[in-house]
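Protein chains in written order, with our numbering: chain A, 7 to 369; chain B, 7 to 369; chain C, 7 to 369.
In what follows, a single structure is set out as structure tokens and then discussed.
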Amino acid sequence: MRHLLDIDDLSTEELSELLATGADISKNKEKYMDICHGKKLATLFFEPSTRTRLSFTAAMMELGGNVIGFSDPKSSSASKGECVSDTIRVVSNYADIIAMRHPNDGAPLSAAMHSGVPIINAGDGEHKHPTQTLADLMTIQNHLGKFDNLTIGMCGDLKYGRTVHSLIVALTRYKNVKFILISPEELKLPRHIKDIITEHDMQYIETSDMNKYMQELDVLYMTRVQQERFVDIQEYLRLKDSYILRADKLKAAKKRICIMLPLPRLNEISKYVDDDPRACYFEQTLNGKYMRMALILKLLDEYKKDSSVGREIKNQAEPIMSFSKPLKCRNPHCITNKDDDLKQLFVSDDNKVYRCAYCEQEI
Amino acid sequence: MRHLLDIDDLSTEELSELLATGADISKNKEKYMDICHGKKLATLFFEPSTRTRLSFTAAMMELGGNVIGFSDPKSSSASKGECVSDTIRVVSNYADIIAMRHPNDGAPLSAAMHSGVPIINAGDGEHKHPTQTLADLMTIQNHLGKFDNLTIGMCGDLKYGRTVHSLIVALTRYKNVKFILISPEELKLPRHIKDIITEHDMQYIETSDMNKYMQELDVLYMTRVQQERFVDIQEYLRLKDSYILRADKLKAAKKRICIMLPLPRLNEISKYVDDDPRACYFEQTLNGKYMRMALILKLLDEYKKDSSVGREIKNQAEPIMSFSKPLKCRNPHCITNKDDDLKQLFVSDDNKVYRCAYCEQEI
Amino acid sequence: MRHLLDIDDLSTEELSELLATGADISKNKEKYMDICHGKKLATLFFEPSTRTRLSFTAAMMELGGNVIGFSDPKSSSASKGECVSDTIRVVSNYADIIAMRHPNDGAPLSAAMHSGVPIINAGDGEHKHPTQTLADLMTIQNHLGKFDNLTIGMCGDLKYGRTVHSLIVALTRYKNVKFILISPEELKLPRHIKDIITEHDMQYIETSDMNKYMQELDVLYMTRVQQERFVDIQEYLRLKDSYILRADKLKAAKKRICIMLPLPRLNEISKYVDDDPRACYFEQTLNGKYMRMALILKLLDEYKKDSSVGREIKNQAEPIMSFSKPLKCRNPHCITNKDDDLKQLFVSDDNKVYRCAYCEQEI
């Protein structure tokens, strides 16, 4: 059975197809409005996220389907200590497809291994959030018409922002993308993402100055610089304002720069930028709905051909034994450290680096 | 674009049309049951209110439409610090019409100024709750067949009860309505509402005795006398029972008196009154559903003709400057004191009294 | 009007009809998919129970109907102190049928007495949970094809488990059912349930050893042994593992034993049992959905013939007076001790034993 846990689950060709379906949906709503009549999406939000939940809900309803689910961990059986895979096996009896949000990295993999229906990862901890990346890609395509030969500015917290990591990795599929990485020292892009850029023969420049490369950017992707990420609060106070996008900073920018932000916004972008036609962040949420519609259609369609339970683990490695017991993942946020009975799985790459199969943290 | 923030947004003619549509819906449910197929209502409840939320939800479903939303502030993006207008701009991408409840006075105006779809105020703080007034009016019309020449008893907390204020103001549109204002000294109707009655050449009598005018009343509208409104708890304990409607008090009442109460009830009306055919408070909730259906239909219909974003501010005044900065509203519950970036707006009347455009508090 | 508060509300013939409808639904989904178009189920969950709520929701949607409601007591009007019967009278105006879960024993009876639409008890305190019993019965029927001449093992907490009590009582309708009651001393089946078995000329054996009768069992129904049920924690620690079903214990079991468990599971059954084809606990949740669909259809159908408000109280007794005031039920969890104004009602049996009509606790 086909699931979407990570944007890498889609080939570049499939991504193009989804983008084409998303575009078609945005233009021909009537054509799709009853296509999922009698189908149900379950939105299982083990942590709250109204925006993402409403987007999935609207998406399914605009396809003519129904939605069940929960929006709050406290009202779920999980609060009674049930493991994710049990919840999923039960909900598989109630819904045709599941979108799940979970505070623990890797929870969607543990779900996919036991689910009777397709799983969509709607965000797992600080790990992945592939449908946000779908929204981002559709927005870039709508405004710039292409992914090749672009200069993409990423600004703010590049260390922890899973949407940033995911979008960068997705863009390395295309040709000649150049990344301008704008962040304070504390929040620089992690080594392994920079390695992925380099492996694809692409360029990146790191800077702490938001203005320096402004005139070169085709896309400016903003993220929030949060106080809690800083050890030194003085450093935070000194820096925070330099990563806020105000209208005056855009004077140097291209006429067709695409300004993006994964909402909700606190103060990453001044409200005075909202009326600028280059501001795309509200449109991003609209595109998110269309891409989720396209995705739901695709997964339901593939399910008809293959409904086998389970999930292939690529590059699966032997269990790593330590004192004759299998080693456990040391990421405290990993689902293996929440659901006790969960079988520990590892993957290894060409360089014999071992990672937890759920959260991908290196062992 | 047309919104309903306050009952005053409707002309008397429009009110009559809505009441006629409500009556027609109550008699011909089949005619309306698929009329909103493919449409979505968003119920955004920034504070919980099950009754109102379920009423809107049932209303939209009985029109054949779908409902998305949240019922609890904690599971909303607002809990992450997002301003109301951002939430609304996003949800505009997911729904065709929005009903919102908010703890802050004036929040629906800030919503309407940026919304891409019609906004219905489902209660904002202690400010307005126009759809309750629509339910009240339909109930009076159903039972008494008219609004002119009625004697309306308002009993209990007349100081803080927004439903009372709103209903009185609405009834001053008609002819020769007389108000009997029954309340303890602490909870008397505010001056400015009494002024509105007088301006319309209508009469009111203030009394603390619930029995005194009972035989004159065509309507008796009960509200709750809450302990927290009293400075002197002894005073509360002495008074509280005199504002509870018991069956014996109704002996003097007219045969066709219409007994009303905005539910939920704690102990405002004894359960022994429930079986009295003159008790209309459960029917009020039914009428609320019908009037919400009529309203949704009207706003969706007008949206087709005018979908321009924004909201006209009547009698808008120049920003009031103080130390060269625009003066802020001093009502601590006003939305301008929650959403920092919100532009302060003022309105002024013929007497040059300035009020905050959001919460209508005098400056 | 017809409600389902207790499995005893259904005659054996009606139970057979429901099981037949449930089986038909499971095979012919298309036939039922629009049958409740335009109807609404209200799911009123005064305490959270995601699994049951989602099951009812999915059931109504698979019949083509809509669902409104709340999942959390805090977002309900009940949190404002409203009594159950007021909530129900209001929701009767919004929905065609109500499924309610409530922490207080007997709350569904107080609801049924005032409801304008059929009430389904979706669990009231430790009192009743009849739709779980419907799911259990369908599962046994699917796997064993009959209820007569079976040997049913009940294991774990037999003292407090309402699902156990309800299933035992339901099975005494059939012929020659034998019960193996496996539990620690502290958690033995209550006297009055054992009396019901005996009154029906059926046999039971009590044991604390899970293995002893394993090879005889046609059904093994597991429940959780909870620490908080024990006075002596040492006793709990000594015992807890003996009531966990592990794969090895099943070696002695029949080839067609039906292993059941009212989910969610903590550790009552090892995950290694999940792949055993005799494990029926996930299928139980599927059957629960089908039986709820059958039940909704039946109650909506009967409502067309009889929509009179109220509920007949069988064997109603005179109010019991004490100091010239009617005696109140002494069960602290009874709804009569939460909703103050609720009329105390009693029933008596042939032996002149008096019970509270709501919670059935002996006076």
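Here a beta-carbon is modelled for each residue, glycine too, at the ideal position from N, C-alpha and C.
Quick caveat, the model's predicted, so the values are computed rather than measured.
Between B:ILE74 and A:LEU60, the C-beta gap is smaller than 8 Å, which places the two residues in contact. Spanning the alpha carbons of C:ILE326 and C:ASP355 requires a straight line of approximately 15 Å.
In the three-state reduction of the DSSP assignment, A:LEU177 falls in the helix class. When secondary structure is reduced to three states using DSSP, C:THR229 falls in the coil class, being assigned neither helix nor strand.
For B:GLY159, DSSP records a beta bridge to B:ILE186 and B:LEU226.
With fewer than 16 neighbouring CB atoms inside 10 Å of its own CB, C:LEU243 falls in the exposed class. In this structure, the beta-carbon distance from B:ASP130 to B:GLY112 falls below 8 Å.
Listed along chain B are GLY87, each with a C-beta nearer than 7 Å to that of A:LEU272. In this structure, the alpha-carbon of A:LEU348 lies about 33 Å from that of C:GLN147. With a beta-carbon spacing of about 5 Å, B:MET220 and B:ALA259 fall inside the 8 Å limit used to define contacts. Using a Cβ distance threshold of 8 Å, C:LEU143 and C:LYS165 do not count as a contacting pair.
In this chain, the beta strand (DSSP E) harbouring B:SER354 covers 352-354.
Of the candidates C:LYS80, C:PHE62 and C:ALA48, C:ALA48 places its Cα closest to the Cα of B:MET67. Contact annotation: A:ALA285 and A:ILE302 have beta-carbon atoms that are not nearer than 8 Å. When DSSP assignments are scanned along the segment 90-124 of chain B, the uninterrupted stretches of beta strand (DSSP E) that are 3 or more residues long and fall wholly within it turn out to be 103-108. Residue contact check for B:ASP356 against chain A: no CB pair falls below 8 Å. With its beta carbon at least 8 Å from every one in chain A, B:ASP102 lies outside the interface. The beta-bridge partner set that DSSP reports for A:GLU368 consists of A:ARG361. Under the 10 Å beta carbon count, A:GLN290 is surrounded by 16 or more other beta carbons and is classified as buried. Here DSSP, grouped into helix, strand and coil, assigns A:ASP40 to coil. In the structure shown, A:ILE239 falls within a helical segment according to DSSP collapsed to helix, strand and coil. Residue environment for B:GLY316: exposed (fewer than 16 other C-beta atoms within 10 angstroms of its C-beta). Residue nearest to C:MET160 within the set C:ILE104, C:CYS89, C:GLU23 and C:ASP215 is C:ASP215 (criterion: CA-CA distance). Note: C:VAL279 is not bridge-paired with any residue in the DSSP secondary-structure output. By the rule that beta-carbons nearer than 8 Å mark a contact, A:ILE74 touches chain C. Every alpha helix (DSSP H) of 4 residues or more that sits fully in the segment 19-84 of chain A is shown, in chain order, as 35-38 and 56-68. In the DSSP annotation of this structure, the continuous segment of the alpha helix (DSSP H) that includes C:MET144 starts and ends at 136-150. Taking C-beta separations shorter than 8 Å and ignoring five residues to either side along the sequence, the partners of A:ASP312 in its chain run MET7 and ARG8, following chain order.
Comparing C-alpha distances from B:GLY28 to each of B:ASP102, B:LEU11, B:SER77 and B:LYS295 shows the shortest one belongs to B:LYS295. Annotation: C:ALA253 to B:GLU36 spans about 56 Å, alpha carbon to alpha carbon.
In this structure, DSSP gives B:ASN127 an extended state, which the three-state scheme calls strand. Here B:ILE203 is near B:TYR210, since their CB atoms are less than 8 Å apart. Of all residues in the segment 38-62 of chain A, those with a C-beta nearer than 7 Å to a C-beta of chain B are MET39, PRO54, THR56, ARG57, LEU60 and SER61, reading in chain order. Where B:GLN290 is concerned, the enclosing alpha helix (DSSP H) starts and stops at 287-311. The Cβ atoms of B:TYR38 and B:MET299 lie closer than 8 Å to each other.
As computed with DSSP, B:THR213 is found in a beta bridge with B:ILE188.
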